[in-house]
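In this note's numbering, the protein residues as written are 253 to 527.
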Amino acid sequence: MSKMVPIPSTGLVPERDLNKTPVLDARNLGIDFGGLTAVDNFNLTIAPTEIAGLIGPNGAGKTTVFNLLTKVYQPTRGTILLDGHDTAGMNTIQVNKAGIARTFQNIRLFDKLTVEDNVKIGLHNHTKYTMWEGIFRLPRYWKEEKAAHDEAMDLLDIFGMQDLAGHVAGSLPYGAQRRLEIVRALATRPKLLLLDEPAAGMNPSETAELMENIRKIRDTFKIAIMLIEHDMSLVMGICEGIAVLNYGRIIAKGTPEEIQSNPEVIEAYLGKRKE
Numbered sequence: 253m254s255k256m257v258p259i260p261s262t263g264l265v266p267e268r269d270l271n272k273t274p275v276l277d278a279r280n281l282g283i284d285f286g287g288l289t290a291v292d293n294f295n296l297t298i299a300p301t302e303i304a305g306l307i308g309p310n311g312a313g314k315t316t317v318f319n320l321l322t323k324v325y326q327p328t329r330g331t332i333l334l335d336g337h338d339t340a341g342m343n344t345i346q347v348n349k350a351g352i353a354r355t356f357q358n359i360r361l362f363d364k365l366t367v368e369d370n371v372k373i374g375l376h377n378h379t380k381y382t383m384w385e386g387i388f389r390l391p392r393y394w395k396e397e398k399a400a401h402d403e404a405m406d407l408l409d410i411f412g413m414q415d416l417a418g419h420v421a422g423s424l425p426y427g428a429q430r431r432l433e434i435v436r437a438l439a440t441r442p443k444l445l446l447l448d449e450p451a452a453g454m455n456p457s458e459t460a461e462l463m464e465n466i467r468k469i470r471d472t473f474k475i476a477i478m479l480i481e482h483d484m485s486l487v488m489g490i491c492e493g494i495a496v497l498n499y500g501r502i503i504a505k506g507t508p509e510e511i512q513s514n515p516e517v518i519e520a521y522l523g524k525r526k527e
């Protein structure tokens with residue numbers, strides 16, 4: 253794990269990423285729903301190969317932040333820079349093509365399709381044959397299909413899932429479906445991978461394996477990963493920088509050690525001690 257060092261704008265980045273353009277730079281981000289402010293003054297920088305955590309009590313606004321970054325919701329105010337480029341005006345598909353992929357709290361697979369086909373759907377951004385080449389099964393179609401098959405199998409191999417390629421996705425055990433959703437997100441070739449409670453429903457051995465796989469993904473693809481997670485052993489064991497959200501606002505940022513001993517964080521999770 254790389255040493256965290258301060259940068260002038262918003263906090264810490266891994267030393268290995270110092271002087272590199274952040275993959276994500278969210279500035280003064282906020283959204284209102286009617287008269288309710290769900291997220292306000294959200295500022296966060298994520299370095300190109302950082303594993304970052306976003307934590308906070310239930311209802312703090314964590315998934316709303318992911319929805320803002322991926323343009324499921326358009327921000328009421330603020331700026332989102334992806335690899336230095338403003339994402340203003342982009343929709344969800346355009347943001348995905350620009351380099352942000354995500355998983356969800358509730359698994360969203362194509363249950364009736366095979367495992368391999370679910371991964372191939374993630375590869376659609378990179379398909380180069382035309383509609384007519386596909387309809388008439390022209391040579392470039394077969395060439396691209398072969399390339400997609402090979403890439404899908406390579407991605408499945410990260411999680412040891414190659415043998416499940418022909419299985420129907422909906423028939424997989426819960427943990428395997430979680431892994432498949434991560435593989436499908438990777439198939440879009442992101443610069444930033446957002447994982448929304450990836451360990452939900454996993455047992456301790458599956459969670460330990462997930463930790464190793466997240467590191468493997470970062471090291472193999474040289475991408476940044478940000479995760480929302482309630483499993484503190486996972487967060488503290490894998491994240492280099494952590495931001496804590498409460499009532500839609502960041503109340504603390506720092507290394508795992510700093511976050512664990514932060515009084516505001518302890519109060520947000522455990523409540524204020526009575527005098």
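A virtual CB, placed ideally from N, CA and C, is assigned to each residue, including glycine.
Quick one: residues in its chain with C-beta nearer than 6 Å to the C-beta of residue i, no 5 flanking neighbours on either side, listed in chain order?
i, result
"LYS372", "ALA400 and ALA404"
"GLY336", "THR273"
"LEU296", "ALA278 and ALA495"
"ALA353", "ALA437, THR440, PRO442 and LEU445"
Cutting at 8 Å between CB atoms, please list the residues of its own chain near residue i, excluding the five before and the five after it.
i, result
"ALA476", "VAL275, LEU276, ILE298, ALA299, PRO300, THR301, GLU302, ILE303, ALA304, LYS443, LEU444, LEU445 and ARG470"
"CYS491", "ILE303, ALA304, GLY305, LEU479 and PRO508"
"GLU433", "THR355, PHE356, ILE359, ARG360 and LEU361"
"MET209", "Residue 209 cannot be examined here, being either before or after the span of the chain that is shown, 253 to 527."
"LEU424", "VAL367, LEU416 and LEU432"
"ASP406", "none"
Using the Cβ count rule (16 or more neighbours within 10 Å means buried), how would you classify residue i?
i, result
"ILE387", "exposed"
"MET454", "buried"
"ALA520", "buried"
"GLN429", "buried"
"ALA451", "buried"
Identify whether residue i lies in helix, strand or coil by the three-state DSSP scheme.
i, result
"LYS380", "coil"
"PHE294", "strand"
"ILE475", "coil"
"ASN280", "strand"
"ARG329", "strand"
"HIS337", "strand"
Which same chain residues end up closer than 7 Å to residue i when comparing Cβ atoms and leaving out the 5 residues on each side of it in sequence?
i, result
"VAL324", "THR344"
"VAL291", "LEU281, GLY282, ILE283, GLY313, THR316, VAL317, LEU320 and GLY500"
"GLN512", "MET488"
Going by the DSSP bridge assignment, what does residue i pair with across the sheet?
i, result
"THR366", "VAL420"
"ARG501", "ASN498"
"LEU444", "ILE352 and ALA476"
"PHE285", "LEU288"
"LEU438", "Bridge partners of LEU438: none, in fact."
"GLY506", "ILE494"
- Do the stretch 357-373 and the stretch 415-426 meet, that is, are 3 or more Cβ pairs less than 8 Å apart? yes
- Message: Using a Cβ distance threshold of 8 Å, determine whether the stretch 498-505 contacts the stretch 306-317, with at least three qualifying pairs required.
- Response: yes
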